[in-house]
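A short write-up of the structure that comes next.
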Amino acid sequence: MPRRIFRSLAAVLLVLGLTGTVLGMPGFGGGEEQAADETMKVRLKPLKEDSKVYGWVRISADQFSLGANHLQKDAVFSVYFVNASERKPVAEEAVVRSDDSGEAKYGARLTEPLGGQWDKVVLYLHPDGNPSNVEGIQPVLEGSLKE
């Protein structure tokens, strides 16, 4: 009887070991395919110390997603990549409106690789509600793109 249990246990361990080896191979859910689909996750932090605003960004090879909470309600925001000398909208239409609970979600397809050109991503408030007016926009959240 103990010998039968030992053989059964050995067979189960062998099957589990082979399964793990196969799943780690390219084309079987692991290895190189996972590395090619890396997603950068960025935590957005408020620029005012007393603010309860928070958010996140996820950037993959061709997709940009942003979520933010506790924003000014029913307000207009723009999303920019920023470095020391310039800023650029993350996409052609980089405008998002918060809902009546102060939540905003934004997604865009990236047309070029992110590269190392940008230091951070910043969510700006348009106080006048006009997304085409960039004079006087106010940074609300930012997150570092440098690891």
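Taking my numbering as reference, the numbering of the sequence shown is continuous, increasing by one, and the terminal residue is 158.
Beta carbons: idealized from backbone N, C-alpha and C, even for Gly.
S96 - DSSP class collapsed to helix/strand/coil: Taking the sequence shown and counting its residues from 1, one reaches residue 96 at position 85. In the structure shown, S96 sits in coil (DSSP, three-state: anything other than H, G, I, E or B).
Residues in its own chain within less than 7 Å of P142 by CB, not counting five upstream and five downstream? The residue you call residue 142 lines up with position 131 of the sequence shown. Non-local beta-carbon contacts of P142 in its own chain, meaning distances under 7 Å to residues more than five positions away in sequence, involve V87, S89, V106 in chain order.
When you compare the region 109 to 126 with the region 61 to 80, are there three or more beta-carbon pairs, one atom per stretch, that lie closer than 8 Å? yes
Is A105 helix, strand or coil when you go by DSSP? Position 94 of the sequence shown, counted from the start, is the residue given in the question as residue 105. A105 falls in the coil class under three-state DSSP.
Between L152 and D110, what straight-line distance do the alpha-carbon atoms span, to the nearest angstrom? Along the sequence shown, read from residue 1 onward, the residue named residue 152 stands at position 141. Along the sequence shown, read from residue 1 onward, the residue named residue 110 stands at position 99. Using only the alpha carbons, I get a separation of about 17 Å.
Look up I148 in the DSSP assignment and say whether it is helix, strand or coil. Taking the first residue of the sequence shown as 1, we reach residue 148 at position 137. Three-state result, I148: coil.
Would you be able to state if there are at least three C-beta pairs under 8 Å between the region 90 to 103 and the region 54 to 61? Contact between the region 54 to 61 and the region 90 to 103 is not established, with fewer than three Cβ pairs separated by less than 8 Å.
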